[in-house]
Every structure is written in structure tokens, then in C-alpha cells.
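All residue numbers for the sequence shown refer to numbering that gives the first Met the number 0, where the first residue is 0 and numbers rise by one. The beta-carbon is built from N, C-alpha and C at its ideal position, and this holds for glycine as well. First up is the structure itself, then whatever we jot down about it.
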Amino acid sequence: MPAFLIGSIGVLAETSHLQRDAFNLAFREAGLDWHWSEDAYAAMLTRSGGAQRIRDYADNRDQRLDVGQIHRRKTEIFCDKLAEGVPLREGVAETLAETRAAGWRLGFVTSTSAANVDCVLDATGLSRGTFDTVVTRGDVVQSKPAPDAYYRALAALDCTADGSIAIEDNRDGVTAAKDAGLTCFALPGRMHAQSNFAHADMVLDRLAPAVATRSS
0 MPAFLIGSIG VLAETSHLQR DAFNLAFREA GLDWHWSEDA YAAMLTRSGG
50 AQRIRDYADN RDQRLDVGQI HRRKTEIFCD KLAEGVPLRE GVAETLAETR
100 AAGWRLGFVT STSAANVDCV LDATGLSRGT FDTVVTRGDV VQSKPAPDAY
150 YRALAALDCT ADGSIAIEDN RDGVTAAKDA GLTCFALPGR MHAQSNFAHA
200 DMVLDRLAPA VATRSS
């Protein structure tokens, strides 16, 4: 059977506003005068990976800092904010259940950290056991937009790209999926609504089990 691959935590749940708040609190605690507005953060989401966003921002300001430490603290704050739970996006639970029942292999292939993944899964009532494989930023040398994470997931699932589907919420993710030979549907969240997804096979406004039949 082919694989059905969730490409980011943003496909599962709307968390960008919580992540932005967590970044800004982590910056304040680190004594930085940084503040990412909603518009600025939305623009940054064209690139995958929170640690890379910190690194890029620091480089642009010619500042040297401990990116890893700040990002770890941001993750702690983010997980605290998720403690009361967060709802899955419309159609996600039904799509995961029905694709599983139909025999699809399920994967979660994200450019975020393992710690972020576990926090989001816990908050949404899912678990790593929901998926047949989980690939995070630490599992590959090159993160998205490189296709490495998808290659790793397909190998772990013993599936080929032909007939398999990825669902992504950002441009880098779509690029990675397409370069891996996958059919990719974009499911932009609130902060990705204005992004250009011309390279996606389709842009969705909600997830539904029927997406698993649209590539045939």
C-alpha cells in the first residue's frame, strides 16, 4: 500500500500563534530586544525549522548567540502553553482513521524537533503510535526543503513515492515532498494563507478522507 504522510505539526493543529508567543518570551528571558510581530512571523514561515529562523534572524542582525539554548527554552514555553490541549484541525482525525482503515501506511514527516512533536501529539490526543513512522529534524542531515526526511520516511515504511501522498502547510514542505517524487496537497494554516502554493498538486481548505483518492 502507498503512504499517507503528514508533513508538519501545522497540518495537525493551528499552533503558529502559540509558537510566536513562545519565541518572544524566550527572547525576553534571554535579554534580547527581539519581538516578532504576527506579520513578521508569518513571513518567516516560508522557511522550515524554528532554530533556523532564530539563526537567520541573528545573522541578519550580526549577533552571535546560543541558538540551541534559546530554541530549547522556546520549546519548553510552547509545551507549557499546550498543556491544556489544542484541537485538531477540521477533518484530521477522520482522515487519519479512514486512511488507516483503508490500509494506507501513515507517516509524520516534520522539520521540527522531536520535543515539539511530542508536545503537539500529547496536546491533540494523538501519539507516536498513531503513525507507522515519525521523522523529525534530528533524524536527517538536511531538513526541508531538501527531500531527505521524505526519503527516510518512505524507506522506513517500505513504500514508494508513486501513489503516496504528502500533506504540507508551508512552501518548503511542498518543495521537499515534490522533490521526493510525491503527490503533495497544501493545507495552509492561518499564517500561511497568503503563501504561493503553485507547486502543490492541489490546495485544500480542509482535510478529508477523499484526499487519499485524488492522486489516482
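Exposure label - residue i; buried when at least 16 CB within 10 Å
| i | result |
| --- | --- |
| PRO146 | buried |
| ARG27 | exposed |
| GLN62 | exposed |
| ASP58 | exposed |
| SER215 | In this prediction, SER215 scores a pLDDT of 45, lower than 50, which makes its location untrustworthy; no coordinate-derived value is stated. |
| ALA192 | exposed |
Three-way DSSP call (helix, strand, coil) for residue i in this model
| i | result |
| --- | --- |
| MET252 | Since the displayed the chain opens at 0 and closes at 215, residue 252 lies outside it and no answer follows. |
| ARG54 | helix |
| GLN18 | helix |
| ARG104 | strand |
| ALA145 | coil |
| ALA122 | helix |
| VAL66 | helix |
| LEU156 | helix |
When the options are compared against residue i, the one with the closest alpha-carbon
| i | options | result |
| --- | --- | --- |
| THR98 | ASN169, ASP138, GLU13 and LEU4 | LEU4 |
| LEU31 | ASP38, ARG170 and TYR56 | TYR56 |
| LEU24 | LEU64, PRO1, ILE69 and ARG52 | ILE69 |
| ALA2 | GLY162, ARG63 and ARG151 | GLY162 |
| ARG205 | GLY128, LEU87, CYS158 and LEU120 | LEU87 |
| HIS34 | ALA92, ILE53 and SER126 | ILE53 |
Same chain, Cβ closer than 7 Å to residue i, neighbours up to 5 away in sequence not counted
| i | result |
| --- | --- |
| ALA160 | LEU153, ALA179, GLY180 and LEU181 |
| ARG136 | GLY48, SER110, THR111, SER112 and SER142 |
For residue j and residue i, believed in contact at Cβ under 8 Å, the rounded distance
| i | j | result |
| --- | --- | --- |
| LEU156 | PHE184 | Incorrect: roughly 18 Å between the Cβ atoms, too far for contact. |
| THR94 | ALA12 | Going by Cβ atoms, the distance from THR94 to ALA12 rounds to 14 Å, so no, they are not a contact pair. |
| PHE22 | LYS80 | Not quite, the Cβ-Cβ distance comes to about 11 Å (not below 8 Å), so this is no contact. |
Contact set for residue i: own chain, Cβ-Cβ below 8 Å, skip 5 residues either direction
| i | result |
| --- | --- |
| PHE130 | ILE5, LEU105, GLY106 and PHE107 |
| TRP103 | MET0, PRO1, ALA2, PHE3 and ALA211 |
Min CB distance residue i to chain D below 8 Å
| i | result |
| --- | --- |
| ALA148 | Structure shown: chain D not included; a single protein chain is present. |
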